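Novice: In our numbering, the protein residues as written are 68 to 467.
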Ligand code: NDP
Ligand code: MN
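1. Tell me the rounded alpha-carbon separation between residue 425 and residue 358.
2. Which term fits residue 443, buried or exposed, when burial requires 16 or more other beta carbons within 10 angstroms of its beta carbon?
3. Would you list the one or two residues that DSSP bridges to residue 240?
4. Output yes or no for whether 8 Å exceeds the beta carbon distance between residue 148 and residue 159.
5. According to DSSP, residue 251 sits in a beta bridge with which residue or residues?
6. To which residues does DSSP link residue 162 through a beta bridge?
7. Alpha carbon to alpha carbon, what distance is there between residue 318 and residue 253?
8. With residue 128 as the anchor, note down where its beta strand (DSSP E) starts and where it stops.
9. Does DSSP classify residue 304 as helix, strand or coil?
10. Output the boundary residues of the alpha helix (DSSP H) element that contains residue 414.
11. When the Cα of residue 259 is compared with those of 75, 84 and 463, which residue comes out closest?
12. Under 6 Å Cβ to Cβ from residue 304, same chain only, skipping five residues before and after it: list those, please.
13. Have a look at 210, 154, 460 and 152 and flag the residue whose alpha-carbon is nearest the alpha-carbon of residue 342.
14. So, at 7 Å on beta carbons, what are the nonlocal neighbours of residue 70 in its own chain, with the 5 sequence-adjacent residues on each side left out?
15. Apart from the five residues just before and just after residue 63, which ones in its own chain have a Cβ nearer than 6 Å to its Cβ?
16. Anyone know if the C-beta pair for residue 451 and residue 283 falls short of 8 Å?
17. Got a sec? Which residues, its chain only, sit under 8 Å from residue 93 by beta carbon, not counting five neighbours each side?
18. Whose C-beta lies closer than 6 Å to the C-beta of residue 81 among residues of the same chain, with five residues either side of it excluded?
19. What three-state label does DSSP hand residue 199 in the structure shown?
20. Need the endpoints of the alpha helix (DSSP H) that residue 357 sits in, please.
21. Using DSSP with H/G/I as helix, E/B as strand and the rest coil, what is residue 140?
22. With residue 273 as the anchor, note down where its alpha helix (DSSP H) starts and where it stops.
23. Whose CA, out of 354, 402 and 394, lies closest to the CA of residue 373?
24. In its own chain, which residues sit with a C-beta less than 6 Å from the C-beta of residue 231, not counting the 5 before and 5 after it?
25. Identify whether residue 69 lies in helix, strand or coil by the three-state DSSP scheme.
26. Less than 8 Å separating the beta-carbons of residue 329 and residue 449?
27. Would you mind giving the Cβ-Cβ distance between residue 290 and residue 335, rounded to the nearest angstrom? I have them listed as a contact below 8 Å.
28. Between residue 331 and residue 293, is the Cβ-Cβ spacing less than 8 Å?
29. Indicate whether at least one CB of chain B lies closer than 8 Å to the CB of residue 130.
30. Measuring straight from C-alpha to C-alpha, what distance separates residue 307 and residue 376?
31. Any heavy atom of the ligand NDP closer than 7 Å to the CB of residue 385?
32. Indicate, with yes or no, if the ligand FAD has a heavy atom lying under 7 Å from the CB of residue 325.
33. Return helix, strand or coil for residue 84, following the three-state DSSP convention.
34. Could you tell me the distance, in whole angstroms, from the CA atom of residue 428 to the CA atom of residue 89?
35. Give me the Cα-Cα distance between residue 432 and residue 277, rounded to the nearest whole angstrom.
36. Taking three-plus beta-carbon pairs below 8 Å as touching, is the segment 382-392 in contact with the segment 435-442?
Structure below.
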């Protein structure tokens with residue numbers, strides 16, 4: 068065995084009512100906060116007030132930036148950088164789902180690295196342009212405290228950030244260990260307020276993180292452990308939380324699965340599915356987990372049809388973790404049992420839409436596939452088989 072386990076330091080506060088601690092937790096990292104959140108949910112549910120109260124109790128200064136929309140936009144990030152700069156913020160709190168956490172990460176980078184106003188976070192994103200120098204995110208990045216409100220992206224425990232350039236429809240991820248939150252808060256009361264459809268879509272995001280990192284070349288013994296446990300937890304608990312959002316034990320298990328899957332993608336990365344899903348959201352503003360649910364069965368079929376023994380064996384382990392009684396060696400038939408369980412799970416949680424239901428038009432397939440090849444290089448490199456433009460087009464045609 069030969070591996071590195073590089074996991075940045077991150078204090079994790081997990082349980083019911085952990086939000087009330089956010090002021091105390093943040094105080095360790097700064098005393099002038101930019102609080103980044105979305106436009107509605109956290110305010111309407113009363114969690115924004117709770118966070119502000121906890122901050123006030125510690126005597127910390129706080130500026131609210133509540134402009135985040137799903138699929139975080141570069142212009143909203145850039146505007147947030149200016150707000151943080153103007154107010155002299157030295158720590159960023161995210162309160163929300165992956166979109167708020169990613170926006171907070173991007174702002175934390177921008178404030179620290181642009182000496183004057185006018186810089187754009189897009190300069191840190193690899194758009195594949197020749198001669199462009201990317202990188203340069205340093206330890207100057209402001210500390211981030213992430214309060215996650217969904218159980219999906221794992222962004223509260225990853226070094227990744229995904230932003231969208233609205234005019235060009237480019238949705239691209241970038242990464243730095245300095246964007247890893249210094250502290251993360253998972254409050255089960257918050258995630259229990261997700262609607263059934265949000266619960267279902269974000270739950271599938273967890274499943275794809277766990278399965279993609281398990282299937283990928285970034286093979287990693289600790290990640291494999293986390294992945295198989297996360298897959299198992301999703302299979303057992305996602306149907307329960309979709310049926311009864313108030314089932315706190317199942318909510319807790321999904322929130323833990325989300326965290327485990329965040330660690331797996333930190334250690335071993337994502338593959339083909341995440342290369343394909345970002346262009347779809349970039350063009351159609353579709354929810355990340357929902358779009359993943361439309362393509363993942365076809366991605367699994369594609370990988371199984373490659374007839375690679377190692378991949379077939381891995382699908383046997385996935386099928387086992389999903390609750391099937393099946394044993395090695397892997398065959399196509401055994402591997403397909405994993406696809407059958409996934410399809411049954413999607414049906415049970417009400418996620419049966421095809422890409423066309425999210426607005427994707429057949430005429431766009433080639434453009435989406437080309438964007439995936441262009442911007443998803445890292446994910447495609449980690450995919451355990453070589454993927455061509457024709458393969459990507461084929462998967463999208465089936466998913467539509
Ligand atoms: P979002 O953060 O986009 O939130 C989706 C919607 O749900 C918003 O309208 C939000 O409301 C609402 N909402 C959030 N939490 C609750 C709650 N507890 N109760 C009721 N409503 C709620 O969803 P995701 O968490 O799925 O984040 C998706 C984003 O994360 C994508 O851009 C994706 O690419 C990215 N991502 C990042 C990863 C990373 O490691 N950095 C990994 C995987 C995905 P409001 O807008 O009012 O806040
Ligand atoms: Mn994801």
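Built from N, CA and C at the ideal position, the CB exists for glycine as well. All values reported here derive from a predicted model rather than from experimental measurement.
Specialist: Let me lay it out:
1. 8 Å
2. buried
3. 229
4. no
5. 79 and 213
6. 104 and 214
7. 11 Å
8. 128-135
9. helix
10. 399-415
11. 84
12. 317, 320 and 321
13. 460
14. 287 and 288
15. Lying outside 68 to 467, the shown extent of the chain, residue 63 is not represented and no answer is given.
16. yes
17. 100, 122, 125, 127, 158, 160, 212 and 250
18. 253
19. coil
20. 355-372
21. strand
22. 263-282
23. 402
24. 138, 140, 238 and 349
25. coil
26. no
27. 4 Å
28. yes
29. Absent here is chain B; the protein component of the structure consists of one chain.
30. 34 Å
31. no
32. This structure lacks the ligand FAD; the ligands present are the ligand NDP and the ligand MN.
33. coil
34. 44 Å
35. 27 Å
36. no
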